[in-house]
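Residue numbers (our numbering): -8 to 114. One structure below.
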């Protein structure tokens, strides 16, 4: 299955988002996904299998639990592919960051002028 086919499903994307915070047991993942998406435990297990079989997650046993974690390798491949398209959004985002910084600077200067004591004396 192609990486974008794996990532094209909102349930699998959400599982990866949850795992981005660190390792989680299958039961904990299932509880969250079932509550958010209203799907059955076997359906969650199938999504976990797709992620595992396609290298997006690793799983290790710990006692009676199975702990899942993100495997970053396929995500790096997706990121590399997206690199071809970054030129479309990087300059606009940099321009936005510049404008935001300029606006903050101007607001700070206005506040400083407003807080400065008035040196003009009334006659």
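Just so you know, even glycine gets a beta-carbon here, dropped at the ideal spot from N, CA and C. Predicted, not measured: the structure shown is a model, and the values here were computed from it.
Applying the 10 Å Cβ sphere with the 16-neighbour rule, what's the burial state of residue 48? Along the chain shown, one-based indexing puts residue 48 at 57. That one is buried.
Can you say whether residue 3 is buried or exposed, counting buried as having 16 or more other CB atoms within 10 angstroms of its CB? For the purposes of this step, residue 3 is identified with residue 12 of the chain shown, where counting begins at 1. Buried: at least 16 other Cβ atoms inside 10 Å.
Below 8 Å between beta carbons: does that hold for residue 65 and residue 94? Translated into positions along the chain shown, residue 65 becomes position 74. Translated into positions along the chain shown, residue 94 becomes position 103. It is not a contact, given that the beta carbons lie outside the stated cut-off.
8 Å contact criterion, which residue 10 and residue 60 should meet: CB distance rounded: Along the chain shown, read from residue 1 onward, the residue named residue 10 stands at position 19. Along the chain shown, read from residue 1 onward, the residue named residue 60 stands at position 69. Yes, they are in contact, since the Cβ atoms of residue 10 and residue 60 sit about 6 Å apart, within 8 Å.
Going by alpha carbons, who is nearest to residue 13 out of 75, 102, 62? Numbered from 1 along the chain shown, position 22 holds the residue referred to as residue 13. Of the candidates 75, 102, 62, the one whose C-alpha sits nearest the C-alpha of residue 13 is 62.
Cα-Cα separation between residue 86 and residue -5, rounded to whole angstroms: Position 95 of the chain shown holds residue 86. Position 4 of the chain shown holds residue -5. Spanning the two alpha carbons is a distance of roughly 30 Å.
Contact defined as beta carbons within less than 8 Å: I believe residue 56 pairs with residue 18. What is the distance between those atoms, to the nearest angstrom? On the chain shown, position 65 is the one that residue 56 refers to. On the chain shown, position 27 is the one that residue 18 refers to. Correct: roughly 7 Å between the Cβ atoms.
So residue 20 and residue 39 are in contact, right, with Cβ under 8 Å, and what is the actual spacing, rounded? Taking the chain shown and counting its residues from 1, the one referred to as residue 20 is at position 29. Taking the chain shown and counting its residues from 1, the one referred to as residue 39 is at position 48. About 7 Å separates the two Cβ atoms, so the contact holds.
What did DSSP end up calling residue 55 once you bin it into helix, strand or coil? Here residue 55 is taken as the residue at index 64 of the chain shown, counted from 1. Three-state result, residue 55: coil.
Cα-Cα separation, residue 80 to residue 98: Counted from its first residue, the chain shown places residue 80 at position 89. Counted from its first residue, the chain shown places residue 98 at position 107. Approximately 27 Å between the Cα atoms of the pair.
Under 6 Å Cβ to Cβ from residue -8, same chain only, skipping five residues before and after it: list those, please. Residue numbering aside, residue -8 sits at position 1 when the chain shown is read from its first letter. The answer, listed in chain order, is 45.
Start-to-end residues for the alpha helix (DSSP H) that takes in residue 33: Translated into the one-based positions of the chain shown, residue 33 becomes position 42. Its alpha helix (DSSP H) spans residues 32 to 44.
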